[in-house]
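The structure appears right after this line, and notes come after that.
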């Protein structure tokens, strides 16, 4: 699959939030995003590959909204890497404020395009899961009624679809967490979608929408 | 009856006062700060002039430091394969429990077991780990641990109940073999690791950032006394890199290999000493460290190269290129909360443990013979 059709530039949102995921061995940002929660989920999903640290770009003295996006983020790092204790990765549940954004012009001994494409593909699937949750009327209804009643208080038929979607979400996250090869991972997820006709149709509609 | 081991990090004010009565040079505050920055168990000198406050007991610690064999040329992989084969020959009479943190050292142990033992031979091997271990190395858990081993949760584990029935294998004292993470911090701070340790000012300046100036001067001067006594030794301890390696290899080795024991609420440590197998505590690994491992950080001290030789051994088995390239040191404290505090204060030569609450009078009475009055 060509993930470039889904390329997310990772520009700041309307509230001005702008984050990036920094990898310490390469000393580069590998993904820029405006959504904190998506950043956090991607950080955990990518942890089977490397430790990523969530950085708040907007605190840097030289920050401008157009300085860093996903077309060039791998050429940038932060000046205050000494503020991040890399041996204690679990300390960082909040974004680390960048002091200065500095270019990293060294040649990387690793395929950066491959890593950026991987993270973009993870982003595509996370956005798809969110859209799927919002799209089906039953999902909206269930997410509301779930606040009022527990599953055991409702008739079986009212929550089975919701449960199926939750299982599908978990299965996709597991494939992304343990996946290594881009094409193989994509195929595994499509195979999961194919188990439910509604989900498959939804995915194919989104694909054709993007292509047109 | 005498004390053979003290958990120095837990020395109380009353014990410190007693030590100072016997040895007026004992600098409790500096030692505590130095330990806080480097090792939270204790310093014991294995070789050279003992410039530390306490006496080292060869009988208690069992494995001593061999003299360097300058012609030693076995690779890390050869030693690690051989360790598994020899252990299986000598310790097949009980099931094994391997404590797997997901880190590099314990993963290398499992690789060695998977490489060198048949499925039938490893049928009696259980892996003890928790969610943090899985988070550290998920693919290895998914592809190699779960399919090949019985897995139990390490979080509530107190090994005391297993000491009579199992051998418990851990990854200690691997951190003492391949240079020091502290040296990486020093390099990042700006210290040129190839320079002579006799240039005291830059090293003390760096150490001061981690432990305060009095403690930095205390540890530098104590180590200088020890190193001066070894100036003619073929170990050739000359550089800052040597200094950082030697503090681990000489002073921290003994306490590091038994730190898990300190969290076991056991009245007598003999069953632990007989049942615990510290994978890396062998003469071969020590020779390898003295002749090869100690130089790995000097050759390439970039972040991803920490324990590169161990990672290479793992990669040759699991082919996980990301782990090889990106796995960095993770402090064990960050792998979840310490489930158990230190359980006792010191050990006697009959292997009984004493606690400060229960046995303070006896501890104070026995303390003098454990204090090094010749430094």
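Residue numbers (the numbering used here), protein chains in the order written: chain X, 142 to 353; chain L, 4 to 378. The beta carbon of each residue, even a glycine, is placed where N, CA and C say it ideally should be.
The Cβ of residue 188(X) sits closer than 8 Å to at least one Cβ of chain L. Within the DSSP secondary-structure output, residue 218(X) pairs in a beta bridge with 243(X). Within the model, the alpha-carbon separation for residue 205(L) versus residue 194(L) is close to 7 Å. Using a CB distance cut-off of 8 Å, residue 306(L) counts as an interface residue toward chain X. Between the beta-carbon of residue 243(X) and that of residue 219(X) there is about 7 Å, and that keeps the pair under the 8 Å contact cut.
For the region 307-337 of chain L, residues whose beta-carbon sits nearer than 7 Å to a beta-carbon of chain X comprise 307, 325, 328, 329, 331, 332, 333, 334, 337. With distances taken between CA atoms, residue 290(L) lies nearest to 76(L) out of 76(L), 360(L), 201(L), 306(L). At a cut-off of 8 Å between beta-carbon atoms, residue 193(L) makes no contact with chain X. Residue 166(X) reaches chain L at 306, 307, 328, 329, 331, counting residues in chain order whose Cβ is nearer than 7 Å. Not a single C-beta of chain X is nearer than 8 Å to the C-beta of residue 105(L).
For residue 161(X), the pairing in a beta bridge is given by DSSP as 173(X), 196(X). CA-CA distance, residue 323(L) to residue 250(X), rounds to 16 Å. One thing to note: residue 174(L) has its Cβ within 8 Å of the Cβ of residue 108(L).
Taken in chain order, the members of the region 177-210 of chain L whose beta-carbon sits within less than 8 Å of a beta-carbon on chain X are 184, 191. Contact annotation: residue 171(X) and residue 162(X) have beta-carbon atoms nearer than 8 Å. From the beta-carbon of residue 141(L), the residues of chain X found nearer than 8 Å are 188, 189, 318, 319. Closest in alpha carbon position to residue 218(L), among 36(L), 12(L), 5(L), is 36(L).
Closer than 8 Å to the CB of residue 228(X) there is at least one CB belonging to chain L. Using a Cβ-Cβ cut-off of 8 Å, residue 251(X) is close to 328 of chain L, given in chain order.
Taking a 10 Å sphere around the C-beta of residue 185(X), we find fewer than 16 other C-beta atoms and assign the residue as exposed. With a cutoff of 8 Å on beta-carbon distance, residue 150(X) and residue 224(X) are scored as not near each other. The beta carbon of residue 262(L) sits no closer than 8 Å to any beta carbon of chain X. Taking CB atoms only, residue 138(L) has a neighbour in chain X less than 8 Å away. Residue 183(X) sits in a helix when the DSSP states are folded into three classes. Nearest in C-alpha terms to residue 178(L), of all of 127(L), 26(L), 248(L), is 248(L). A distance below 6 Å between beta-carbons, with the five flanking residues on each side excluded, links residue 153(L) to the following residues of its chain, in chain order: 129. Contact with chain L is absent for residue 274(X), since none of that chain's Cβ atoms lies less than 8 Å from the residue's Cβ.
Short of 8 Å from the beta carbon of residue 266(X), and not among the five residues preceding or following it, lie these beta carbons of its own chain, in chain order: 313, 317, 330. For residue 16(L), the uninterrupted alpha helix (DSSP H) run begins and ends at 16-25, by DSSP. Look at the region 187-211 of chain X: the residues with a C-beta under 8 Å from a C-beta of chain L are 188, 189, 190, 191, 192.
For the pair residue 140(L) and residue 326(L), the CB atoms are nearer than the 8 Å cut-off. Secondary-structure assignment with DSSP links residue 57(L) through a beta bridge to 374(L). Around residue 145(L), the beta-carbon contacts reaching into chain X at under 8 Å are 319. Residue pairing for residue 130(L): DSSP places it in a beta bridge opposite 101(L), 154(L). For the pair of segments examined, the region 14-22 of chain L was found not to touch the region 184-204 of chain L: the number of CB pairs separated by less than 8 Å stays below three. Taking every protein chain shown into account, the CB of residue 56(L) has 16 or more other CB atoms within 10 angstroms, so this residue is buried.
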